[in-house]
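Asker:
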Amino acid sequence: MVIIKTNDASPLSWPLGRIIELYPGTDNVVRVAKAMTEQGEFTRQVVKYQLLRSSLMKLLRSNVRLRSSPLR
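Residues 1 to 72 in full-length UniProt numbering are what the sequence shown spells out, letter by letter.
1. With a Cβ-Cβ cutoff of 9 Å, do residue 9 and residue 20 count as a contact?
2. Among 46, 2, 33 and 26, which has the Cα closest to the Cα of residue 18?
3. Quick one: grab the DSSP three-state call for residue 52.
4. Among 51, 46 and 50, whose alpha-carbon lies nearest the alpha-carbon of residue 22?
5. What's the C-alpha gap between residue 53 and residue 5?
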């Protein structure tokens, strides 16, 4: 689970989501990810997500799909 940081809302209103896809760059470093929330899907830079501590190991063990960058 992640908290998705947005500029138009206070931190208490930031939506919760689940990472569903990772987009590595040409250097194989992930800088963009897609998350599913109640409001729909968000594709954001990974710095806009705050990973909840208990979800870190689950994410590392999961089978999140790696895709080519959507920004190319």
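All residues carry an ideal CB built from backbone N, CA and C; glycine is no exception.
Answerer: Answer, in terms of the structure:
1. no
2. 2
3. coil
4. 46
5. 16 Å
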